[in-house]
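Residue numbers (my numbering), protein chains in the order written: chain A, 18 to 386; chain B, 18 to 386; chain C, 18 to 386; chain D, 18 to 386.
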């Protein structure tokens, strides 16, 4: 139990269900002296908000955030920052058979076994709305990272059979792409593929890639709180993620050592650097100063309009269709969630690694008196 | 800092360096009343021990484990179980240029940046010997799982270009295979490929797959301590792992919803079950009662005999070769490590999930007095 | 940083400042299946509410609690329970010199040194209003304890020179006493003493005692998470507490072993029991089945109307008085806070101790399949 | 379960029973670059070692510590420091009735209820030998504190009816006093009282006081990880402690606010300081820069030679005496344990508080690149 906390020193606790009063998060351990206002957070929430185009659900939610504590005169005070997003679209409706059926690909069955019953309205705690807490907290982490010069960006790299072409990346296109891809051509093809899936009353999977730049070398706490281990946990904890890769990821199983090792070479300024970045910026679980690269494979949205064989609470199989409108893909709205979880992980590790040397403590506390 | 603890209620702390006095682990939170002796643990350590064949390092270590506490009259007492494996092969030798060079693919550079210096003898804490603590603790977790009827098994599924053929799996062959594969033909091809790599003074990557059977539904604590999130962390924390997959893993990005959803169907006994297991036994971060499937992609051993361009502490690039003998693959000896990390994760989740309902507490403490 | 979390498995995170938008708490890890409604919580909040009589501050706050998540159809679902109490009395006012002065006995100076600045409005996070989160969460813990037959009750035992007479305790009087004492005569004397203090523009200290009955033997996790250790932490974390005692507390330093040991004797039913309870229900850090007794010494309210020498942010001493109306004692309203912290500690330990034996796991998960 | 870990960032895990193979501790999170050798630790262990005079048990143990990991070339490396003390005096002996009886004042009964059985040899994990792990780890914490100019010292202030006279303290006398008191006259009287107790086959209680000087203001993480809350937990977790006080402790319940508040005054150098230190160096749970004062009340040794009524595993009362030789007081050897727990708490808080401001992170990581 008690699984809604993330982080050790920069720590968050999220709460809320799809059709309850609201969704929120408390951020505890954010250093004092960070400029923060609601608009900083709203910008990220708007990126994950539904109803933006025909590939995301039509649920109309403003998802407006309120800062309830921890900020005084525009600055974080070092005390817990409580953020609240009220649910608006809680209209009582007929959940029909949902309460009595376990939908394939959904968490209905395990929730019922675990807790004895569940809040079946809109998926309850296992709804995608749960990610609001992650994104809101991630926005605060991002502000802290920016203060230290670190940039984090996530985008969609794969949708079904369509991948971005890495020789034609255009990050300015991400916001224009209805599916969040940094490649106009791939985006167009992905949209065509999505339309086809929707006509077939089906959904499809995809990949989100996240890159963190200017992360100082030295973050990560061997041997269990390694930076990659915590990124893997952070990203795998997002609903629908089935694989997490760092750097070249699954490809490394086919590499030889001479291909995979990032040798050093002097750059144009005569500074020695890793000539390649197969490692994705992490060696031995510690950041190595190169860009950190994380990739998450998302399964297709499990809610599809086709009839499927579901398990009933009565112990029998039922051929039923799931009504309502659902995103045909998860990835478009999930990119900002991956970004948030990456930012939260980095923020926590920045704080953890700050005390790795006696010398650092002396920088903070001054010489012995 | 303080990254050597794993688990919340079934908790371990590992310690030790490659060329220090020894390697060990303390297991805290193991329930009382579990039969345990050194032979139970030694069996697992023997599986990861070096020097077993020409694809593992020649370092001669008995790796004999000693139980220092927590067991009385053959049973765990509920107090911490301290396990010690003395290092034997600590002969003073010439580490040559290692102390002054950052080897490609190794953690040398990030360790130095993080801590200001490092124990460079044999990789220090980032050595593969660190996994002794994991495997020893995993053996204890495994005993607990067995007591509850749970079985966990890991094996090598890929080495370089060679994959096992899932239509010809023979789990009894794993121990006979010099590379730990449950498929005689694949094993033979993998060995041939390895020989080729070794002739080319190179190493190669691979994949370990782990299956846990008879895990009760209901394990996993949403939304951050989900079972898959913690398995991802557990497995990604093993040195050389660059990707973790659950169930169909990266494949899901190419699936449609209708392909990926595990529909229900009645089995031969008329009991409804998931007809497929694309989910790998986990839905919404909670075990669903099906076998749990985890896969880890390991990079090739970074130590290769070819000269490589390394970074020196002097800030210059040096073309040097790494001397000594190294495993050409990691996976053969790593399978038992993946198994251990999976067992540790499941043991902790069994304890965590035991209190998910008020009703469970009443079963433990009896009715209100 | 990140100090606003309490508990390991039954875990809470509180947030909120005196003059921010509100105060709240998220409870994570409460087992599913507990009947819970807002009235259950409100009853406890009403006991700590200000403005009840002339010995508590006149601040008019309804302190009405809203359950934002974690409860469905009147039952806890196992997901985080978020509780919100809006601050009403936030009227903008002149904080005068408070922002520039460090008040004696208050946390002003350490907060400023730690965080660089502080929310000086009404004490910010160090205000007594912070305890609303504790009390609200404690109410939920109390409901869980009651379900298992455990009763927890706190009351005031000392105010200044006045102590309750243990031969005349009347627990039904607690609610009638304006100072929360279970002894009519002592209450009357305490009130007289308080009036005297108030006339002298002064405040006074006191003691809260808390008793937990029907706690099963076996709670407490040696050697650092002992039940008494966690009770000490829980209670000492309440503002103004300067001492925590278990059982006979400080008196034991003057005892001989033969006086302090609780020998066993058969009771009227022939059942052997501890004949005395000097230990306060805890031996070796584990509950022994006898009533658990905790005592907290509270310092006098530091805000007094007399002029005092304060430190200014300008580095100079200033003779100033603190304006406004303040409780002359803390203990009357603090009893429910001690009760809450005791309940939270016990709830967490009930969950932790549920997995102390392999046998308990079998009771929860059934025999090995 | 899993209660043998202490600390969040500077974290330790202790293990070991009285009559097992040994006692030890792993320290995880100690910053790199601290000079450390076995003699540093041995000095503290020697202070708690038995057999030093007739007021401590005759058990002959060298209690020699071995550093197994985490130190390279005389410096901590930032990796876990494993410390081992082998038990020597494990001679097989007749434990007689101990296995079948629950001794008054001992943890025998709760251990049996909790775990189903116990290691009854010499108290097992609840033996005073468990404190070896605390003291060894505390020695490392102390080294870190010293590096930052912080001094921690504990001594005996009360034995039975004898208290030190605060107007005649002589800290250089502590090591000469057979009972660890910094006052020759009190020490003499305490010894006389002890002799009297021993003649009466009895034991007696006492108080240990600990003072930490030059602790920077700003340590402590409100609202649950306050410095005083964690000191209370740390000290209450020591066996036999029944009360913990900070500063004036229980006395504050009798004070008026005007007596208890520490007003500010300019010292001889014109620097404003707290004129008094009733708060014991902690306000609002955060260190205020004044000396930190902690006091622990210890109960008398429960093992006494007089016959007592004990509970048997057979459910009946038995009049029996405890054989063997036992310390008539706990406090003499416990002072160094209180010192250790105080040092461990301060070390963890130094690391935690180092990231309380964004500005501190910039000092560690440099300006944004």
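Glycine residues also receive a C-beta, built at the ideal position from the N, C-alpha and C atoms.
Shortest alpha-carbon distance to residue i belongs to which of the options?
i, options, result
"residue 181/A", "208/A, 164/A, 80/A", "208/A"
"residue 317/D", "337/D, 302/D, 346/D, 327/D", "346/D"
"residue 254/D", "126/C, 320/C, 46/C, 241/C", "241/C"
"residue 371/A", "378/D, 90/D, 374/D, 367/D", "378/D"
"residue 348/A", "226/A, 124/A, 121/A", "226/A"
"residue 154/B", "358/B, 184/B, 272/B, 19/B", "358/B"
"residue 191/A", "199/A, 184/A, 185/A", "199/A"
"residue 337/B", "115/B, 127/B, 63/B", "115/B"
Near residue i, what residues of its chain come up, given a Cβ to Cβ distance below 8 Å and the 5 sequence neighbours on each side ignored?
i, result
"residue 94/C", "49, 87, 88"
"residue 118/A", "125, 327, 328, 329, 330, 335, 337"
"residue 202/A", "182, 185"
Name the chain D residues whose beta carbon is nearer than 7 Å to that of residue i?
i, result
"residue 378/A", "48, 165, 367, 371"
"residue 130/A", "Result: empty, since nearest Cβ-Cβ is about 24 Å, beyond 7 Å."
"residue 136/B", "89, 94"
Applying a beta-carbon distance threshold of less than 7 Å, which residues of chain A neighbour residue i?
i, result
"residue 95/D", "373"
"residue 43/D", "Residues of chain A passing the Cβ test: none, with the nearest at roughly 13 Å."
"residue 28/C", "19, 22"
Interface residues of chain D around residue i at Cβ under 9 Å?
i, result
"residue 38/B", "83, 84, 85, 86, 99, 101"
What residues from chain A crowd round residue i, counting only those whose CB sits closer than 8 Å?
i, result
"residue 263/B", "253, 259, 260"
Given a cut-off of 9 Å, decide if residue j and residue i are closer than it, judged by their beta-carbon atoms.
i, j, result
"residue 197/B", "residue 52/B", "no"
"residue 330/D", "residue 136/D", "no"
"residue 362/C", "residue 256/C", "no"
"residue 309/A", "residue 244/A", "yes"
"residue 35/A", "residue 146/A", "yes"
"residue 101/C", "residue 85/A", "yes"
"residue 389/C", "residue 360/C", "No statement about residue 389/C is possible, as the shown extent of chain C runs from 18 to 386 and does not include it."
"residue 364/A", "residue 313/A", "no"
"residue 15/A", "residue 373/A", "A question about residue 15/A goes unanswered here, because the residues of chain A that appear run from 18 up to 386."
"residue 356/D", "residue 170/D", "yes"
Below 7 Å on C-beta distance, what does residue i contact in chain C?
i, result
"residue 51/B", "375"
"residue 245/A", "Correct list: empty, because the minimum Cβ distance to chain C is about 23 Å."
"residue 21/A", "45, 97"
Excluding the five sequence neighbours on either side, which residues of its own chain have a C-beta within less than 6 Å of the C-beta of residue i, listed in chain order?
i, result
"residue 13/C", "Since the first residue of chain C shown is 18 and the last is 386, residue 13/C is not available in this structure."
"residue 123/A", "319"
Measuring only from the beta carbon, is residue i closer than 8 Å to any heavy atom that is part of the ligand FAD?
i, result
"residue 173/C", "Ligands are entirely absent from the displayed structure, and the ligand FAD is therefore not among its contents."
What does residue i touch in chain D if you count any residue whose Cβ is under 8 Å from its own?
i, result
"residue 381/A", "371, 377, 380, 381"
By Cβ distance, which residues of its chain are closer than 7 Å to residue i, with the 5 residues on each side in sequence left out?
i, result
"residue 2/D", "Outside the displayed range of chain D (18 to 386) lies residue 2/D, so it cannot be described from this structure."
Can you pull the chain B neighbours of residue i, defined as C-beta to C-beta under 7 Å?
i, result
"residue 233/C", "382"
Going along chain B, which residues have a C-beta under 8 Å from residue i?
i, result
"residue 327/A", "280, 281"
Give me the chain A residues within the contact set of residue i, using Cβ-Cβ distance strictly less than 9 Å, ordered along the chain.
i, result
"residue 139/C", "Within chain A, no residue comes near residue 139/C; the closest Cβ sits about 12 Å away, beyond 9 Å."
### Message
Under 8 Å, with one C-beta from each stretch per pair, do the segment 273-280 of chain D and the segment 339-358 of chain D reach the 3-pair mark?
### Response
no
### Query
Three or more beta-carbon pairs under 8 Å between the segment 150-159 of chain B and the segment 29-39 of chain B, yes or no?
yes
### Query
Does the count of Cβ pairs from the segment 167-187 of chain C and the segment 214-223 of chain C closer than 8 Å reach three?
yes
### Query
Should the segment 256-267 of chain C be called in touch with the segment 33-43 of chain D, which here means at least 3 C-beta pairs below 8 Å?
no
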